[in-house]
Each structure stands twice: as structure tokens, then as C-alpha cells.
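Protein chains in written order, with my numbering: chain H, 1 to 114; chain D, 1001 to 1110. Take a look at the structure set out below.
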Amino acid sequence: ETGVTQSPTHLIKTRGQQVTLRCSSQSGHNTVSWYQQALGQGPQFIFQYYREEENGRGNFPPRFSGLQFPNYSSELNVNALELDDSALYLCASSDRTGGPHEQYFGPGTRLTVT
Amino acid sequence: EDQVTQSPEALRLQEGESSSLNCSYTVSGLRGLFWYRQDPGKGPEFLFTLYSAGEEKEKERLKATLTKKESFLHITAPKPEDSATYLCAVQEGGYQKVTFGIGTKLQVIP
Chain H
1 ETGVTQSPTH LIKTRGQQVT LRCSSQSGHN TVSWYQQALG QGPQFIFQYY REEENGRGNF
61 PPRFSGLQFP NYSSELNVNA LELDDSALYL CASSDRTGGP HEQYFGPGTR LTVT
Chain D
1001 EDQVTQSPEA LRLQEGESSS LNCSYTVSGL RGLFWYRQDP GKGPEFLFTL YSAGEEKEKE
1061 RLKATLTKKE SFLHITAPKP EDSATYLCAV QEGGYQKVTF GIGTKLQVIP
């Protein structure tokens, strides 16, 4: 069974630029959630994708957007990067069938905005 | 709005010294409470899901319990390899959002 993978591992961008982060979900999982984790904080929910549609969103502005593909992989896009966007971005996959779904996280992408 | 408060923020234990981590939550209709372990620079690793008050789950030296307002993660006779940040998270009924606490950073000294 393949776990959740994310790419790239690290990324350095300049303020105002745009970035795309990628995630491959665990085999058999149909739902992907994205989180932002600042240093010393818990993960903050950005949004979730289920069957290629956004299905729940946290308190993040529209410049944070995403996609889910038919194979359940996903992308997180962030436009007009700000310094405060520097964080570890985590992708988590789950099988939404049934009750509360346990999420399995990837290793994350460390984004630094200068 | 859902709230999750974990305490203490940091805990230092001697190897073999048992203790408990606390997670207090405020949510309208708990759908599930989750415990994760996170090592530095890595993604959280799933430990437990608890669904209703009175439920308990165990895994090796860890035992998670749940009441209507809080959850405890009991660590029995910890070893240095248990050193990590332990995160608690809640999911409210009818919503997909999962709210995490700030975590408890556990250090187990040999």
C-alpha cells in the first residue's frame, strides 16, 4: 500500500509569486484535505476535496485554491504569495465512506516566502 | 467556532515515568476526536479516533480516553522514542473541517 506523497519537499518563493504544491493520496482513499502548519502551531484546515469538488473550506482567502484529479491526487495553488504564507503545507488523504474519517498525512512541503 | 486546547504545551519525563496529556474541546456535536503524533519536520502520524464519551483505545504504551469535554492521552512507562509532539483534533458533525490543537511537545529522557 502506497502512502501519501507530496512534492516538492522544499520550496523558496518571492513575495507576489505563485506556487503549486502536489499531493498523491494513499491507495483506496477518495478525499484529500490540505493544511497549513506554521512553526510551533497545529495544522490549520485550508480545504477538502471529494470527487473533484471542494467540500469544506477553512478561514483562508480565495488566493488559496485547489484541484482534485480523477485519480484522487490533488494540487494546492497559492497566488500573490505573502511572507506569512511561509509554513509547512500538509496534505492528508482519507476514505470518506462511512463515519469520521481518519486522515493519513504526507511528509509536507516546506514553503519559504522571502 | 470549534476550539481545541491542549495542555501542557511541553512535558519532560524521565524514562518510565508515566503521565497524561490533556485535550479540552468545544464543539457542537462531536463527530470524532483524533490523536496524532508528529516528529520534527514530518507529517502527523495517526494514532486514535474516539467517537463518544466513555470510549477508550490503546496502542502499545498509549491509551486515549474521551469524556464530553476532554480527552486524555495516557503514556505508561514512556521510552525516549516516544518523544514527539502529540496533536489532538476534533471534527464537528456535518462538517468536513478538522480543528487541531497546538500540541504537547513530549520529551522523554533516558
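Positions of the beta carbon are idealized from the N, C-alpha and C atoms, including for glycine.
Distance, residue j Cα to residue i Cα
i                 : j                : result
asparagine 1022/D : cysteine 91/H    : 26 Å
serine 73/H       : glutamine 48/H   : 12 Å
threonine 20/H    : serine 65/H      : 10 Å
leucine 1047/D    : glutamate 1060/D : 11 Å
glycine 113/H     : glutamine 17/H   : At residue 113/H the sequence reads valine, which differs from the glycine that was named. Cα-Cα distance, rounded: 9 Å.
serine 94/H       : arginine 22/H    : 16 Å
proline 61/H      : tyrosine 35/H    : 14 Å
glutamine 1096/D  : leucine 67/H     : 17 Å
glutamine 6/H     : glycine 1032/D   : 26 Å
threonine 31/H    : arginine 51/H    : 7 Å
leucine 83/H      : lysine 13/H      : 10 Å
glycine 108/H     : alanine 87/H     : 10 Å
Residue i - DSSP class collapsed to helix/strand/coil
i                  : result
leucine 39/H       : coil
leucine 83/H       : helix
glutamate 54/H     : strand
glutamate 1081/D   : helix
phenylalanine 69/H : coil
valine 32/H        : strand
glutamate 1009/D   : coil
arginine 15/H      : coil
serine 1071/D      : strand
alanine 1053/D     : coil
Within chain H, the residues that residue i reaches when beta carbons sit closer than 7 Å
i                : result
glycine 1103/D   : Gly42
leucine 1087/D   : Gly42
glycine 1043/D   : Leu90, Phe105, Gly106, Pro107, Gly108
threonine 1076/D : Within 7 Å Cβ-Cβ: nothing; threonine 1076/D doesn't reach chain H, min ~23 Å.
Per-residue contacts from residue i into chain D (C-beta, under 8 Å)
i               : result
leucine 111/H   : By Cβ distance, chain D contributes nothing, its closest Cβ being about 14 Å from leucine 111/H, past 8 Å.
asparagine 55/H : Gln1096
glutamate 52/H  : The contacting residues do not exist; glutamate 52/H stays about 15 Å from chain D at best.
glutamate 102/H : Phe1034, Phe1046, Thr1049
Whether residue i touches residue j by CB criterion (8 Å)
i                : j                 : result
serine 1020/D    : leucine 1062/D    : no
tyrosine 1025/D  : lysine 1069/D     : yes
arginine 110/H   : threonine 9/H     : yes
threonine 1067/D : glutamate 1009/D  : no
serine 1071/D    : alanine 1064/D    : yes
alanine 1084/D   : leucine 1106/D    : yes
valine 4/H       : tyrosine 89/H     : no
glutamine 37/H   : threonine 2/H     : no
proline 43/H     : proline 1040/D    : no
arginine 1012/D  : isoleucine 1075/D : no
C-beta neighbour in chain D for residue i, strict 8 Å
i                  : result
asparagine 30/H    : no
leucine 90/H       : yes
glutamate 82/H     : no
phenylalanine 69/H : no
phenylalanine 45/H : yes
glycine 66/H       : no
glycine 16/H       : no
Where residue i meets chain H, residues with beta-carbon distance less than 8 Å
i                    : result
phenylalanine 1072/D : Here the premise fails: no neighbours, minimum Cβ distance about 18 Å.
tyrosine 1025/D      : Those within 8 Å of tyrosine 1025/D in chain H number zero; the least Cβ separation is about 13 Å.
Beta carbon proximity, residue i to chain H, threshold 8 Å
i                : result
valine 1098/D    : yes
threonine 1049/D : yes
The ligand COA heavy atom lying under 7 Å from the CB of residue i
i           : result
serine 94/H : Of ligands this structure carries none, so the ligand COA is not represented either.
Contacts of residue i in chain D (Cβ-Cβ under 7 Å)
i              : result
valine 36/H    : Before going further, note that residue 36/H is glutamine rather than valine in the sequence given. Simply none; closest approach about 11 Å.
threonine 48/H : Looking at the sequence provided, one finds glutamine at residue 48/H rather than threonine. Simply Gln1096.
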